[in-house]
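Student: First residue of the sequence shown? That's 108 in this note's numbering, and the numbers climb one at a time after it.
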Amino acid sequence: MNIKEYGTIQADGEIVKYKITIFSFLILLIFLIGISISIGSVKMDIIDVYKIIIAKSFPFLNINNNEVLEYIVWNLRMPRVLGAIIIGAILASSGVVCQSILRNPLASPFTIGLSSAAAFGASIAIILGAGIAYGSYTFLITNEIFIITNAFILCLICSIVISIIARIKGTNPTVIVLTGIAIGYFFSAFTSILQYTSQAEALKAVIVWLLGDLGLLNWEKLIWISSGLIGIIIFIHMGWRLNAFNMGEEIASSLGINIKKIRAICIIVIGFMIAVTISFVGVIGFICLVSPHIARIIIGNDNRKLIITSSLIGSNLLLLSDTIARTIFSPLILPVGAITSLIGGPFFVYLLIKSRRMYWS
108 MNIKEYGTIQ ADGEIVKYKI TIFSFLILLI FLIGISISIG SVKMDIIDVY
158 KIIIAKSFPF LNINNNEVLE YIVWNLRMPR VLGAIIIGAI LASSGVVCQS
208 ILRNPLASPF TIGLSSAAAF GASIAIILGA GIAYGSYTFL ITNEIFIITN
258 AFILCLICSI VISIIARIKG TNPTVIVLTG IAIGYFFSAF TSILQYTSQA
308 EALKAVIVWL LGDLGLLNWE KLIWISSGLI GIIIFIHMGW RLNAFNMGEE
358 IASSLGINIK KIRAICIIVI GFMIAVTISF VGVIGFICLV SPHIARIIIG
408 NDNRKLIITS SLIGSNLLLL SDTIARTIFS PLILPVGAIT SLIGGPFFVY
458 LLIKSRRMYW S
């Protein structure tokens, strides 16, 4: 066997492994959808859940179902489940790209300050009247456009500040990450000040929202959130350019890639994706950090495969976390952000310990 034949066999093996990985996570996701929807105050048989989903997705099949169960599945639980899938994919893919363009395994929209900026922008909008508190645990978003716009503007400001400092100090990825962390603390401080000075109802709305909650989703909000999937399409299209970042900036530049331009575009697109998700469900951490690393362990560093695989892993992780949040202390429903933090926190510590020689020496 010559080198060419060996390379072809190895490439074919990687393609097969990639396809098996995608298929496995799709099957797991379908299973989790059935489990998540069947669990709740009204218990359902998982077969009935799938029958209702098929009947609503393909009306021409004329499948008869219980109308009450159909309403619960399709109007009450399905938006939450689909929201978890979409948001998990958005967060995970943004994490992949963050780590690629900054060449840092600890990089994510949270560690470079974008999430804190979006949270501050959305908090301002809620306190100004876009969110009204009611009941004990939930609040009503009354002006989605206002919240999204505010969150995106603050994300954009954060991106511009990071870019300016990077130009002054150089485009060293470590400088960008450290700058992002500092800016994140800055915006977090302002969010805390807003909470301290706001009225009781607005304070309740912001606090509940900052914990992260998928329970506010409906079909109308899913349309808005789905706009974040455009970012995933853009990143997949840029996959080979992102791969060049893995080889170093000098090699990427020699291939004709404008490093500064690609990095700026990616940060702005990530800012939009994070703004869309945070505006509707609040802050959900660690999905964007954990998912890319799990994907890398399985399929390697090829961003063309990594973005899709990581998105699927993120969808599974967030849906699983939300199912746990709804059931672990039933009938009390925990914020999904608390569960993702419980999962992601130890993993983050593991990364710090594993990478200490590279980043702390």
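Note that the Cβ used here is the ideal one computed from N, Cα and C, for glycine as well.
A quick note: this is a predicted structure, and the numbers were derived from the prediction, not measured.
Please determine if the segment 379-391 and the segment 309-324 are in contact, where contact requires at least 3 C-beta pairs separated by less than 8 Å.
Tutor: With the cut-off at 8 Å, the segment 379-391 and the segment 309-324 touch.
Student: How would you label M354, buried or exposed, when you count the other beta carbons within 10 angstroms and need 16 or more for buried?
Tutor: Under this definition M354 is an exposed residue.
Student: For the segment 408-417 against the segment 208-219, do three or more pairs of beta-carbon atoms, one drawn from each stretch, fall closer than 8 Å, so that the two count as touching?
Tutor: At 8 Å Cβ cutoff, the stretches do not touch.
Student: S106: which of I161, K311, I366 and T286 sits nearest, CA to CA?
Tutor: Because the chain is modelled from 108 through 468, residue 106 falls outside the range shown and cannot be assessed.
Student: Could you check whether T434 and I394 sit closer than 8 Å to each other, using their CB atoms as the reference points?
Tutor: Result no, Cβ atoms of I394 and T434 do not sit closer than 8 Å.
Student: For the alpha helix (DSSP H) containing T218, list its first residue and its last residue.
Tutor: From DSSP, T218 is part of no alpha helix (DSSP H); its letter is neither H nor E.
Student: Just verifying my parser: in three-state terms, what is the DSSP assignment at F454?
Tutor: If DSSP states are grouped into helix, strand and coil, F454 belongs with the helices.
Student: Is the beta carbon of I381 closer than 8 Å to that of L189?
Tutor: In this structure, I381 does not lie closer than 8 Å to L189 by Cβ.
Student: Would you kindly report the start and end of the unbroken alpha helix (DSSP H) that includes M380?
Tutor: Segment I366 to V388, the alpha helix (DSSP H) holding M380.
Student: Taking all protein chains shown into account, do 16 or more other C-beta atoms lie within 10 angstroms of the C-beta of F167, making it buried, or fewer, making it exposed?
Tutor: It counts as exposed.
Student: Using the three-state DSSP reduction, which class does F436 fall into: helix, strand or coil?
Tutor: Of the three classes helix, strand and coil, the one that applies to F436 here is strand, per DSSP.
Student: Can the beta-carbon of G338 be found closer than 8 Å to that of S201?
Tutor: Their beta carbons are under 8 Å apart, which means G338 touches S201 by this criterion.
Student: Can you tell me the Cα-Cα spacing of V204 and N169, whole angstroms?
Tutor: Going from the Cα of V204 to the Cα of N169 covers about 44 Å.
Student: Assuming L426 contacts I129 under a Cβ cut-off of 8 Å, what Cβ separation, rounded to an integer in Å, is found between them?
Tutor: Wrong, their Cβ atoms sit about 17 Å apart, outside the cutoff.
Student: Give the straight-line distance between the Cα atoms of L329 and I288, rounded to the nearest whole angstrom.
Tutor: The straight-line gap from Cα to Cα measures roughly 30 Å.
Student: DSSP on P212, reduced to helix/strand/coil?
Tutor: Three-state result, P212: coil.
Student: Just checking L324 against the ligand HEM - is the residue's beta carbon closer than 7 Å to any of the ligand's heavy atoms?
Tutor: The ligand content of the structure shown is nil, which means the ligand HEM is not present either.
Student: Output yes or no for whether 8 Å exceeds the beta carbon distance between I159 and W181.
Tutor: In this structure, W181 lies closer than 8 Å to I159 by Cβ.
Student: Which value, in whole angstroms, describes the spacing of the CA atoms of G228 and S334?
Tutor: C-alpha separation (whole angstroms): 19 Å.
Student: If you follow the alpha helix (DSSP H) that P485 is part of, which residue opens it and which one closes it?
Tutor: For residue 485 there is no data in the structure shown, the boundaries of the chain being 108 and 468.
Student: Mind checking which residues open and close the alpha helix (DSSP H) that includes K311?
Tutor: It spans A307 to L318 - the alpha helix (DSSP H) in which K311 sits, taken as one unbroken run.
Student: Given a threshold of 16 other Cβ atoms within 10 Å of its Cβ, counted over all protein chains shown, does G242 qualify as buried or as exposed?
Tutor: At G242, the pLDDT of 44 sits below 50, so the modelled position is not reliable; the number obtained from the coordinates is stated separately. Under this definition G242 is an exposed residue.
Student: What are the boundary residues of the alpha helix (DSSP H) that S164 is part of?
Tutor: Per DSSP, S164 belongs to the alpha helix (DSSP H) from I153 to S164.
Student: Just reading off the alpha helix (DSSP H) that G363 is part of, what are its end residues?
Tutor: Neither: G363 is in no alpha helix (DSSP H) and is coded neither H nor E.
Student: In the structure shown, what three-state DSSP assignment does A120 receive?
Tutor: As written in the sequence, residue 120 is Gly, which differs from the Ala given in the question. Reduced to three states, the DSSP call for G120 is helix.
Student: Just the C-alpha distance for V123 and I137, rounded to the nearest angstrom, thanks.
Tutor: In a straight line, the C-alpha of V123 is about 21 Å away from that of I137.
Student: Consult DSSP for L324 and reduce its assignment to one of helix, strand or coil.
Tutor: L324: coil per DSSP, three-state reduction.
Student: Give the DSSP-derived three-state secondary structure of N169 in the structure shown.
Tutor: Coil.
Student: Assuming contact is defined by CB atoms lying nearer than 8 Å, are T384 and I194 in contact in what I supplied?
Tutor: Going by C-beta atoms, T384 is nearer than 8 Å to I194.
Student: Measure the beta-carbon distance from S305 to I234 and round it to whole angstroms, keeping in mind my assumption that it falls under 8 Å.
Tutor: Indeed, because the Cβ distance is near 5 Å, the residues count as touching under 8 Å.
Student: What is the DSSP secondary structure of I197, reduced to helix, strand or coil?
Tutor: Three-state result, I197: helix.
Student: Considering only C-alpha positions, which residue in the set I283, C262 and I264 is nearest to I469?
Tutor: Nothing about residue 469 can be read from this structure; the chain reaches only from 108 to 468.
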